[in-house]
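Visitor: In the UniProt record's numbering, the protein residues as written are 1 to 339.
Glycine included, C-beta positions come from ideal geometry on N, C-alpha and C.
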């Protein structure tokens, strides 16, 4: 099995480009963005390990999590020593922390040979334990780094979280609606990508991101009809399943969503001046006939990508293709067939 030393170091710009492709692949395939999945797909796309790449290409489509897990167990270098170091560090921190509490509380007594209490000895031990704790905390921080939050965000999260379903809930709802028969007005999936939302956590602004998502989640239910539904189909992607296909109505809905994001951004910017500029892009898929959930989402996703490439603030509309071959392609990219 290859070792960690077999890998060649990629230039930072190339590594960043591959990393973005990895995130795109995992998102498109609806696979969890975990360290193991990211490392595996990164190794495949980096093209430095032919055997791994060939094994990956042979996997059945769509790629399942169980297949990735099995592939990772065969080709990724395990790091039991690192895991053991993490556990040992946390255990040592806990034990030394309890010892220091006992020292500071005076529950431990040190005596010399004559039985006289030695407070200077206890003070010395306490100082040494403190030094050990500081050293171990530095080790812990390197093994398990945490994001440093930028100041000025505290009041932005003093609201109730308004959660939305994810992609699986969207897929189930589409299947339910198709099985029950579409109305004469048809069915549309409007995807909204909030540009600038996903990088907030990396910039130490996760509370701002939560605030904007919570605000958008709350208002989305007020903006759509009682039979329409909203979902988070990605970290920065909102999906609205609408029982209508009117371009005018859907474009107006997009404008309202953009205003909600702009207002939330304005409120957040009062506290965090360094907040990145945000923008909304929309892609919409429409149909009047039964289609695969993967077809509807795949068509909307392609429209969204065109809107992003052209930097359009208006939705890009597409009709779901009737070609069976295209249906199989969407199934492979985005999900399973309708049962």
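Quick check: the Cα distance between residue 24 and residue 257, rounded to an integer number of angstroms?
Guide: Each residue's alpha carbon lies about 24 Å from the other.
Visitor: For residue 33, count neighbouring Cβ atoms within 10 angstroms of its own Cβ and tell me buried if that reaches 16, exposed if not.
Guide: Exposed, by the Cβ-count rule.
Visitor: State the CB to CB distance for the pair residue 178 and residue 197, rounded to an integer number of angstroms; the pair is presumed to be in contact (CB under 8 Å).
Guide: Residue 178 to residue 197, Cβ: 30 Å. No contact.
Visitor: So is residue 50 buried or exposed if we call it buried at 16+ other beta carbons inside 10 Å?
Guide: Classification of residue 50: exposed, given that the 10 Å Cβ count is below 16.
Visitor: When you compare the CB positions of residue 317 and residue 289, do they come within less than 8 Å of one another, or not?
Guide: Result no, Cβ atoms of residue 317 and residue 289 do not sit closer than 8 Å.
Visitor: Looking at the structure shown, is residue 239 part of a helix, part of a strand, or coil, going by DSSP?
Guide: Here residue 239 sits in strand by DSSP.
Visitor: When you compare the CB positions of residue 307 and residue 282, do they come within less than 8 Å of one another, or not?
Guide: Yes, the Cβ-Cβ distance between residue 307 and residue 282 is below 8 Å.
Visitor: Between the Cα of residue 294 and the Cα atoms of 237, 184, 175, which residue gives the shortest distance?
Guide: It is 175 whose Cα lies nearest to the Cα of residue 294.
Visitor: Under a Cβ-count criterion, where at least 16 other Cβ atoms within 10 Å of its own Cβ denotes burial, should residue 237 be classed as buried or exposed?
Guide: Buried is the call here.
Visitor: Secondary structure at residue 183, three-state DSSP: helix, strand or coil?
Guide: In this structure, residue 183 counts as coil in the three-state DSSP scheme.
Visitor: Less than 8 Å separating the beta-carbons of residue 22 and residue 59?
Guide: Contact flag unset, no.
Visitor: List the endpoints of the continuous alpha helix (DSSP H) containing residue 298.
Guide: Residues 293-309.
Visitor: Are there 16 or more other CB atoms within 10 angstroms of the CB of residue 121, so buried, or fewer, so exposed?
Guide: By the neighbour-count rule (16 or more Cβ atoms within 10 Å), residue 121 is not buried but exposed.
Visitor: Would you identify the three-state DSSP class for residue 274, choosing helix, strand or coil?
Guide: Coil.
Visitor: Alpha carbon to alpha carbon, how far is residue 98 from residue 132?
Guide: Using only the alpha carbons, I get a separation of about 13 Å.
Visitor: With a threshold of 6 Å on Cβ separation, who are the neighbours of residue 276 within its own chain once the five nearest residues in sequence on each side are excluded?
Guide: Same-chain partners within the cutoff: 196.
Visitor: In its own chain, which residues sit with a C-beta less than 7 Å from the C-beta of residue 227, not counting the 5 before and 5 after it?
Guide: 243.
Visitor: Buried or exposed, going by whether 16 or more other CB atoms sit within 10 Å of the CB of residue 160?
Guide: Interpretation of residue 160 is limited by its pLDDT of 41, a score under 50 that renders its predicted location unreliable; the figure taken from the coordinates is listed afterwards. Answer is exposed; the Cβ neighbour count stays below 16.
Visitor: Taking only three categories from DSSP, how would you classify residue 281?
Guide: Looking at residue 281 - three-state DSSP - the assignment turns out to be strand.
Visitor: Who are the near neighbours of residue 136 in its chain, counting only those whose CB is closer than 8 Å to its CB and skipping five residues on each side?
Guide: Once the five neighbours on either side are set aside, the close Cβ partners of residue 136 are 89, 92, 93, 96.
Visitor: Locate the alpha helix (DSSP H) running through residue 220, then write down its first and last residues.
Guide: Here the alpha helix (DSSP H) through residue 220 covers 206-223.
Visitor: Label residue 57 either buried or exposed according to how many other C-beta atoms from any shown protein chain fall within 10 Å of its C-beta, with 16 as the threshold for buried.
Guide: Per the 10 Å Cβ criterion, exposed.
Visitor: Going by DSSP in three states, residue 246 sits in which element: helix, strand or coil?
Guide: In this structure, residue 246 counts as coil in the three-state DSSP scheme.
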